[in-house]
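Take 27 as the starting number for the sequence shown in our numbering and just add one per residue. Reviewing the structure listed below.
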Amino acid sequence: MPAAANLDSFGTKDQLVVDGTSYQIRRLDRIDGSARLPYSLKVLLENLLRNEDGRLVTAEQITAMAGWDPAAAHGREIAYTPARVLMQDFTGVPCVVDLVAMRDAIAALGGDTKKINPLCPTELVIDHSVIADVFGSGEAFKINAELEFERNAERYQLLRWAQQAFDDFAVVPPDTGICHQVNLEYLARVVFTRDSAEGPLAYPDTLVGTDSHTPMVNGLGVLGWGVGGIEAEAAMLGQPMSMLIPPVVGLKLSGEMPPGTTATDLVLTVAELLRRTGVVGKFVELFGPGVANVPLANRATIGNMSPEYGATCAIFPIDQVTLDYLRLTGRSDHQIKVVEAYAKEQGMWHDAAHEPDYSQVVELDLASIEPSIAGPKRPQDRIPLRAAPHAVAELLGGAKTTAEALAGLDEASAESFPASDPVAFSRDRVEDKPRTPCCDGHEHNWPSHPAEVKMPTGPEFEIDNGAVVIAAITSCTNTSNPSVMIGAALLAKKAVEKGLSTKPWVKTTLAPGSRVVTDYYDRAGLTPYLDKLGFNLVGYGCTTCIGNSGPLIPQVSKAALDADLTICSVLSGNRNFEGRIHPETRMNFLCSPPLVVAYALAGTMRINLVSEPLGTGSDGQPVYLADIWPTMEEITAVVDDSLQAEMFTKSYADVYKGDEHWRSMKIPAGDTFQWSADSTYVRQPPYFDGMTREPQQVTDITGARALAKLGDSVTTDHISPAGSIKFDSPAGKYLQQHGIDRKDFNSYGSRRGNHEVMIRGTFANVRLRNELAPGTEGGFTRDFTQPDASVTTIYDASVNYIAAGTPLVILAGKEYGSGSSRDWAAKGTVLLGVKAVLAVSYERIHRSNLIGMGVLPLEFPAGQNADSLGLTGEETFDITGVTALNGGIPATVHVKAGGVEFDAKVRIDTPGEADYYRHGGIMQYVLRQLLGGSTV
Numbered sequence: 027m028p029a030a031a032n033l034d035s036f037g038t039k040d041q042l043v044v045d046g047t048s049y050q051i052r053r054l055d056r057i058d059g060s061a062r063l064p065y066s067l068k069v070l071l072e073n074l075l076r077n078e079d080g081r082l083v084t085a086e087q088i089t090a091m092a093g094w095d096p097a098a099a100h101g102r103e104i105a106y107t108p109a110r111v112l113m114q115d116f117t118g119v120p121c122v123v124d125l126v127a128m129r130d131a132i133a134a135l136g137g138d139t140k141k142i143n144p145l146c147p148t149e150l151v152i153d154h155s156v157i158a159d160v161f162g163s164g165e166a167f168k169i170n171a172e173l174e175f176e177r178n179a180e181r182y183q184l185l186r187w188a189q190q191a192f193d194d195f196a197v198v199p200p201d202t203g204i205c206h207q208v209n210l211e212y213l214a215r216v217v218f219t220r221d222s223a224e225g226p227l228a229y230p231d232t233l234v235g236t237d238s239h240t241p242m243v244n245g246l247g248v249l250g251w252g253v254g255g256i257e258a259e260a261a262m263l264g265q266p267m268s269m270l271i272p273p274v275v276g277l278k279l280s281g282e283m284p285p286g287t288t289a290t291d292l293v294l295t296v297a298e299l300l301r302r303t304g305v306v307g308k309f310v311e312l313f314g315p316g317v318a319n320v321p322l323a324n325r326a327t328i329g330n331m332s333p334e335y336g337a338t339c340a341i342f343p344i345d346q347v348t349l350d351y352l353r354l355t356g357r358s359d360h361q362i363k364v365v366e367a368y369a370k371e372q373g374m375w376h377d378a379a380h381e382p383d384y385s386q387v388v389e390l391d392l393a394s395i396e397p398s399i400a401g402p403k404r405p406q407d408r409i410p411l412r413a414a415p416h417a418v419a420e421l422l423g424g425a426k427t428t429a430e431a432l433a434g435l436d437e438a439s440a441e442s443f444p445a446s447d448p449v450a451f452s453r454d455r456v457e458d459k460p461r462t463p464c465c466d467g468h469e470h471n472w473p474s475h476p477a478e479v480k481m482p483t484g485p486e487f488e489i490d491n492g493a494v495v496i497a498a499i500t501s502c503t504n505t506s507n508p509s510v511m512i513g514a515a516l517l518a519k520k521a522v523e524k525g526l527s528t529k530p531w532v533k534t535t536l537a538p539g540s541r542v543v544t545d546y547y548d549r550a551g552l553t554p555y556l557d558k559l560g561f562n563l564v565g566y567g568c569t570t571c572i573g574n575s576g577p578l579i580p581q582v583s584k585a586a587l588d589a590d591l592t593i594c595s596v597l598s599g600n601r602n603f604e605g606r607i608h609p610e611t612r613m614n615f616l617c618s619p620p621l622v623v624a625y626a627l628a629g630t631m632r633i634n635l636v637s638e639p640l641g642t643g644s645d646g647q648p649v650y651l652a653d654i655w656p657t658m659e660e661i662t663a664v665v666d667d668s669l670q671a672e673m674f675t676k677s678y679a680d681v682y683k684g685d686e687h688w689r690s691m692k693i694p695a696g697d698t699f700q701w702s703a704d705s706t707y708v709r710q711p712p713y714f715d716g717m718t719r720e721p722q723q724v725t726d727i728t729g730a731r732a733l734a735k736l737g738d739s740v741t742t743d744h745i746s747p748a749g750s751i752k753f754d755s756p757a758g759k760y761l762q763q764h765g766i767d768r769k770d771f772n773s774y775g776s777r778r779g780n781h782e783v784m785i786r787g788t789f790a791n792v793r794l795r796n797e798l799a800p801g802t803e804g805g806f807t808r809d810f811t812q813p814d815a816s817v818t819t820i821y822d823a824s825v826n827y828i829a830a831g832t833p834l835v836i837l838a839g840k841e842y843g844s845g846s847s848r849d850w851a852a853k854g855t856v857l858l859g860v861k862a863v864l865a866v867s868y869e870r871i872h873r874s875n876l877i878g879m880g881v882l883p884l885e886f887p888a889g890q891n892a893d894s895l896g897l898t899g900e901e902t903f904d905i906t907g908v909t910a911l912n913g914g915i916p917a918t919v920h921v922k923a924g925g926v927e928f929d930a931k932v933r934i935d936t937p938g939e940a941d942y943y944r945h946g947g948i949m950q951y952v953l954r955q956l957l958g959g960s961t962v
């Protein structure tokens, strides 16, 4: 970390003694107004006090934080310095590639390569590369791990080299766990301690992460959120993050969750509630009497899904639940004492009777939670389980949105299945409950096109619309939660004992968040039951949730494609955007791990799990979900007996060591990386080509063309390359030209270190709809360099535009760039030649990433969009007034597009962001600073 100037304008330095060790702290109670601040802003206030240097962090910033106005849309700009940086390999590899390229660039400009080195502790967990190729076998984990190393040897070699070439850079090897769970169970300190010239320091653990689900650690009281890889690189290099003091929404919890409901049901309800409230770009903080009733794993689940409702973070203050979890996961007694003492001394210990000032308070009674799923393509589209068959029927029948599908749920249905009733999950026998073909008491006209599936061995069967073809217990969201994981395993045990089995067309996978899950499954004797149902271990990683589902059962895939069926996936994840889970599943539903098992048994989304049997047991009797749903008492008994602190200490004892594959890798020596001209995984990027010590002046954008005209809710999954690489796509053709066999294409994520692959996959999502090329779906546009403005791929059109010297713009709707913090959504955009984006609104991370790559984010006038202004996307665009950014931040710029003229709002929000834009991006800005060049 860069040494602070040790200014103490407010006299806050003091000592905190714990077990005989004296730690220097910055006392918050010496700042007038600090007691009323929300927990999260207290963390930011301490950060400013400790890093005050009179230049980047000033007394005025501290005063502004202490005087925070809850009613303000945003406060003044501050410089925030996280304690550490967290990465996963998909986003981490390009970060390392960029740092290596910066070493090359600084050397070329006469600078010292050693200046390009993490000055902030950085931890990278390899968790995004394993693919569920093999499933339903005791050999699945071994084979998938071997395939992972074969495919990713070049990437892993780079990361191994970086671990020895860079200081303060730790790598957790593959097949260890999911980065957010490893962070929660091992890396997070809650209170950070380190030595300094003035003795030991103690301060809140804070971080930024290159994955949007970094807020999972908010459940521990650790303030952190997802950023783009380029922002993370700047933080690694010691640059404070420029940010505006955010509004803070208080989510007041009361009551307790009903029996039979899970953390997933809770978080889907929270996601729906907060999306409706509107928390994009805001902090969310949970407080109130119900907080004590939320287990740590459930808190982590709520934090994890912050990006799904648009919040920067969703944090819980420190309390006894925090300490109990630290003790469970094997943290030292001294560390736990430091956390407790520090939190209580600094007014950061949760007091249910104290309500801080909040910008807005939203209330949630935990007793109102009911079993739920979400989908078919957005996490916030919650569907009560009792209404699931109705919603699916309406969606299959033509409803365009989940809201439309649920709008038809009549009053009679609501009375038959009240939300307050846990229905089939109570221990009451369901014989007394109405068993109707669907939740609203009438038969639905399901669109039915049954397709026969002929298997090489075993019986033939039919599948139809709504068939579940993937059932995956996966992702960071739930696989850190012993309650839901044990619940799924107990449900599997009861199902096996009843004689049930999963349907033969369902691909069933289990990818725990850490090896500890396997340990407590084995200790509880539950692994054989999961194996019996086909939920064999496939790997320790994200798998299905990030599109690493692997192939469907081939015969099922062929039958579904031939019959043009709408087939489905269910997963215990946090993302279900179009095209993300698998290109062939048109509907994807999020649900708890126990419900994943239940839907695998049913094999279809067309079942009413509340009232219809899952199947027939070995005794010939129907088996209902209530018959096999474990009680909370049963789950708790297994958790208490099987989950022990020694499992965590043993699992993480050699966390950085890795297996034989990792340890035996040969890595080059030296301070600069030796790029391989033959590599199709890792290539030197072009960001610094032609770079000079001084930045060029910002210019207006004239004669531009639209590369794409997009609608609302275009996510970074639509923009950024993700999932498998199609054989006939531009990226597929590139790999073929470089001698790569189709079976070795791997995923876009695994090739993020090769800009040639990634640029060809940008805006290439199979579900992208570009209005410039009506009637197409995928990465297509019209090329106005051609006389007939013919339809071609976005990449090929970009090549022609760049050759012609034509700048490009993107037109978009609301919530542009929502979803994961994918830096390649911005990197690919700039490499395609895009100079500006015109959108109705942006999600926080992508807007920041665009600026970090030198792309200008603009907003249409309030209440307007491309259609209301009469823009078709066929116009030539002139954007003037951009030159004002050379000296400040203009409120608007003028846009002339054909016969349409309007002023667009400039979404460069802080002076720091303006600096990044003037330099052509954040990496160029940092590099020039390290060279001692201009910063304006």
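We put the beta carbon where it would ideally sit given N, CA and C, even for glycine.
Contacts around A815, its chain only, beta-carbon distance under 8 Å, and the 5 residues preceding and following it disregarded | Cβ contact annotation for A815 (same chain, cutoff 8 Å, sequence separation greater than five): R808, D809 and E900, in chain order.
Would you kindly work out how many angstroms separate the C-alpha atoms of I88 and A109, rounded to a whole number?
-> Each residue's alpha carbon lies about 18 Å from the other.
Residue range of the unbroken alpha helix (DSSP H) whose run includes V636 | Per DSSP, V636 lies in no alpha helix (DSSP H) segment and is marked neither H nor E.
Select from G880, L864 and H945 the residue whose C-alpha is nearest the C-alpha of I905.
-> Closest option to I905, Cα to Cα, is L864.
Proximity to M481 [Cα-Cα], best of P530, P508, S501 and T505 = If we check each option's Cα against that of M481, P530 comes out closest.
Beta carbon of V564 nearer than 8 Å to that of F161 | Yes, the pair counts as a contact, with Cβ atoms nearer than the cut-off.
Span of the beta strand (DSSP E) holding F753?
-> Careful: F753 lies outside any beta strand (DSSP E) and carries neither H nor E.
Check whether the region 774–790 touches the region 594–613, counting contact only when three or more Cβ pairs, one atom from each stretch, lie closer than 8 Å.
-> The region 774–790 is not in contact with the region 594–613.
Ends of the beta strand (DSSP E) at V665?
-> Unbroken run through V665 is the alpha helix (DSSP H), M658 to S668; no beta strand (DSSP E).
With burial defined as no fewer than 16 other Cβ atoms inside 10 Å of the residue's Cβ, what is the status of S442: buried or exposed?
-> Note that S442 has pLDDT 39, beneath the 50 cutoff, so the model's placement of it is unreliable and no number is given.
Would you kindly report the start and end of the unbroken beta strand (DSSP E) that includes E103?
-> Counting along the chain, the beta strand (DSSP E) containing E103 begins and ends at E103 to Y106.
Which residue from I341, E389 and E172 puts its Cα closest to that of W375?
-> When only C-alpha atoms are compared, the closest one is I341.
Would you mind working out which of T788, I633 and V740 sits nearest R795, comparing C-alpha positions?
-> Selected option, being the one with the closest Cα: V740.
Whose CA, out of F487, S618 and V908, lies closest to the CA of A940?
-> Distances from the CA of A940 to each of F487, S618 and V908 were compared; the closest alpha carbon is that of V908.
Option in V320, R301, A318 and Q372 with minimal Cα separation from A337 | Looking at the Cα atoms, R301 is the closest of the given residues.
Cβ neighbours of A663 in the same chain (closer than 8 Å, five flanking residues each side left out) | Excluding sequence neighbours, A663 sits near nothing in its chain.
Does the beta-carbon of Y682 have 16 or more other beta-carbons within 10 angstroms, so that it is buried, or is it exposed?
-> Exposed: under 16 other Cβ atoms inside 10 Å.
Assign P712 to buried or exposed, taking buried as 16 or more other Cβ atoms, counted over all protein chains shown, within 10 Å of its Cβ.
-> P712 counts as exposed, since fewer than 16 other beta carbons sit within 10 angstroms of its beta carbon.
DSSP on A589, reduced to helix/strand/coil?
-> Helix.
Smallest Cα separation from V69: which of V926, T236 and V248?
-> V69 has its Cα closest to that of V248, out of V926, T236 and V248.
F167 burial status per 10 Å Cβ neighbour count (16 or more: buried) | Burial call: buried.
Okay, do the region 321–339 and the region 400–412 touch, 3+ Cβ pairs below 8 Å being the bar?
-> Flag = yes, the region 321–339 and the region 400–412 touch.
Secondary structure of A1031, DSSP reduced to three states | No answer is possible for residue 1031: it lies beyond the span of the chain, which begins at 27 and ends at 962.
With F561 and A518 assumed to form a contact (beta carbons below 8 Å), what rounded beta-carbon distance in angstroms separates them?
-> With a Cβ gap of about 7 Å, F561 and A518 count as contacting.
Measure the C-alpha to C-alpha separation of G684 and I204 and round it to an integer number of angstroms.
-> Cα to Cα, the separation comes out at about 14 Å.
Taking P415 as the reference, which of Y49, F615 and E72 has the closest Cα?
-> With distances taken between CA atoms, P415 lies nearest to F615 out of Y49, F615 and E72.
Where S35 falls, given that 16 or more other Cβ within 10 Å makes a residue buried = By the 10 Å Cβ count, S35 comes out exposed.
Taking R2 as part of the beta strand (DSSP E), name the residues at either end of that continuous run.
-> Residue 2 falls outside the range modelled here, since the chain spans only 27 to 962, and no answer is possible.
Taking C-beta to C-beta, are Y868 and P883 nearer than 8 Å?
-> Taking 8 Å as the Cβ cut-off, Y868 and P883 qualify as a contacting pair.
State yes or no: is the C-beta of A92 within less than 8 Å of the C-beta of L71?
-> The Cβ atoms of A92 and L71 lie closer than 8 Å to each other.
Touching or not, the region 949–960 and the region 722–729, by the rule of three or more beta carbon pairs under 8 Å?
-> Result no; under three Cβ-Cβ pairs closer than 8 Å.
Give me the Cα-Cα distance between H100 and V317, rounded to the nearest whole angstrom.
-> In this structure, the straight-line span from the alpha carbon of H100 to that of V317 is close to 27 Å.
Rounded separation between L559 and V364 - CA only | About 45 Å.
Tell me whether the beta-carbon of L184 lies closer than 8 Å to the beta-carbon of V119.
-> Going by C-beta atoms, L184 is nearer than 8 Å to V119.
Taking one C-beta from the region 729–749 and one from the region 140–151 each time, how about it: are there three or more such pairs within less than 8 Å?
-> Contact fails: fewer than three Cβ-Cβ distances are below 8 Å.
Where V126 sits in the DSSP three-state scheme | Assigned with DSSP and collapsed to three states, V126 falls in helix.
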